[in-house]
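First comes the structure, then the notes that go with it.
Numbering (the numbering used here), first residue to last: 355 to 739.
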């Protein structure tokens, strides 16, 4: 009997070795994680802001080429001070790398037919930039790549901007299209994402005394958008709201909740209610326990560590909220990184190029790059106004 078990174990080891050897001989499947990025050091703040304000997809400005550098220079000292207060730089690069490592480890297990998988980081405004990721992909001999947005909810200003830049760089670096690409362009209600948020919320709620727990106001906060973008038909607000409702369904609607918008930039009209005025209103109404949930971010960065934790933490005390807390960001949540792997595995298995929503342009779209990007991935005949 022991001999039989030994033979089985030996065969299993041989099969695993053979599979590993076969995977090693394949070109890797690239999973390219798209996000805005953040300055890793204080010296990087200026270039980061210059890139950010130069992006017409994110912040459309008159005379952008002249105005963007001026705004960046004006804001650099203030923003540098903010980054100094959260540790001297943005942690988004570190968290994205950790998430990518955990994701591909699971992917190799659940999708061996597309293994080995390798993650690449393509940030829009800070290193590693899109072109850096592409250069590494070509060096590694990649033949199959997936552009995986780390914005769960689509916006033309975020995912759209990253994909526009990706296509621009691909046309320059791979004009013959030697790498086969597909896109995971949104995932606002994926079960794993919802469970990851719900798990963080349950953990934080349980830190409140039992006698007040069901009275805690859950305040979901997402990055705002200019109304000019929303009025063109950008689906961001509806997709964020879908995430919020799915999370509340998951936790059983145990608490009152609201959705507000943060991080407005400039004098133009943006989404309301903003997070600051919502906190002020809750304090004025007599609420003492409020819990912030960064619902459109998948890791910590300046908008969670400085804006939510420090700025709004001070504000809450001023308006009489005695217990303002924040749900831990998804960061290295194993539920979340497993969700990332599941999303990619399903995408590879289904063989789709992008979602059906990706094919549809906003009704008021005025950005030629948007249409060109969609055509690059799904073909002109599949892009609809």
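Positions of the beta carbon are idealized from the N, C-alpha and C atoms, including for glycine.
Inset, instruction - Quick one: residues in its chain with C-beta nearer than 6 Å to the C-beta of residue 355, no 5 flanking neighbours on either side, listed in chain order? - result: Confidence at residue 355 is low in this model, with a pLDDT of 48, below 50, so its placement is unreliable and the value that follows should be read with caution. Hits under 6 Å: none found.
Inset, instruction - Output yes or no for whether 7 Å exceeds the beta carbon distance between residue 573 and residue 646. - result: yes
Inset, instruction - Determine the DSSP secondary structure at residue 312, reduced to helix, strand or coil. - result: Examination of residue 312 is not possible in this model, given that the chain is present from 355 through 739 alone.
Inset, instruction - Please work out which residues of its chain come closer than 6 Å, Cβ to Cβ, to residue 688, disregarding the five sequence neighbours upstream and downstream, and give them in chain order. - result: none
Inset, instruction - Starting from the N-terminal side, write out each stretch of the alpha helix (DSSP H) that is 4 residues or longer and does not extend beyond the stretch 459-498. - result: 484-493
Inset, instruction - Go ahead and label residue 582 buried or exposed: buried means 16 or more other beta carbons lie within 10 angstroms of its beta carbon, across all protein chains shown. - result: exposed
Inset, instruction - For residue 383, name the three-state secondary structure that DSSP assigns. - result: strand
Legend entry - Segment limits, alpha helix (DSSP H) that includes residue 518: 513-527
Legend entry - Three-state secondary structure assigned by DSSP to residue 602: helix
Legend entry - First and last residue of the uninterrupted alpha helix (DSSP H) at residue 611: Unbroken run through residue 611 is the beta strand (DSSP E), 611-616; no alpha helix (DSSP H).
Inset, instruction - Mind checking who residue 714 pairs with in its DSSP beta bridge? - result: 738
Legend entry - Secondary structure of residue 686, DSSP reduced to three states: coil
Inset, instruction - Take every Cβ of the stretch 431-445, pair it with every Cβ of the stretch 507-518, and state whether three or more of those distances are shorter than 8 Å. - result: no
Inset, instruction - Spatial neighbours of residue 683 within its chain, please: CB distance less than 7 Å, with the 5 preceding and 5 following residues excluded, ordered by chain position. - result: 648, 651, 653, 654, 658
Inset, instruction - Inspect the beta-carbon positions of residue 383 and residue 521 and report whether they are closer than 7 Å. - result: no
Legend entry - residue 517 beta carbon less than 7 Å from that of residue 578: no
Legend entry - Which of helix, strand or coil DSSP assigns to residue 362: With a pLDDT of 46 at residue 362, under the threshold of 50, the predicted position of this residue should be treated as unreliable, though the coordinate-derived value follows. Three-state result, residue 362: helix.
Inset, instruction - Take residue 656 and list the residues in its own chain whose beta-carbon comes closer than 7 Å to its own, dropping the five residues that flank it on each side. - result: 392, 436, 437, 440, 444
Legend entry - Option in 719, 519, 690, 730 with minimal Cα separation from residue 456: 690
Legend entry - Nearest neighbour of residue 476, chosen from 507, 485, 470 [CA to CA]: 485
Legend entry - Unbroken alpha helix (DSSP H) run spanning residue 419, endpoints: 418-438
Legend entry - When 397, 415, 693, 386 are compared against residue 536, the one with the closest alpha-carbon: 386
Legend entry - Opening and closing residue of the alpha helix (DSSP H) in which residue 644 lies: That residue, residue 644, is in no alpha helix (DSSP H); its beta strand (DSSP E) goes 643-648.
Inset, instruction - Please report how far the alpha carbon of residue 722 lies from the alpha carbon of residue 409, in whole angstroms. - result: 14 Å
Inset, instruction - Find out if the Cβ-Cβ distance for the pair residue 566, residue 463 is shorter than 7 Å. - result: no
Legend entry - Distance, residue 400 Cα to residue 545 Cα: 38 Å
Legend entry - Three-state class that DSSP yields for residue 502 in the structure shown: strand
Inset, instruction - Assign residue 576 to one of three DSSP states: helix, strand, or coil. - result: strand
Inset, instruction - Could you check which residue in 532, 423, 451, 588 has the C-alpha nearest to that of residue 714? - result: 588
Legend entry - DSSP beta-bridge partners of residue 536: 500
Legend entry - Secondary structure of residue 698, DSSP reduced to three states: helix
Legend entry - Among 703, 623, 633, the one whose alpha carbon lies nearest that of residue 466: 703
Legend entry - Contacts around residue 449, its chain only, beta-carbon distance under 6 Å, and the 5 residues preceding and following it disregarded: 653, 685
Legend entry - Where residue 388 sits in the DSSP three-state scheme: strand
Legend entry - DSSP-derived helix/strand/coil call for residue 372: With a pLDDT of 46 at residue 372, under the threshold of 50, the modelled position of this residue cannot be trusted; read the value that follows with caution. It is helical.
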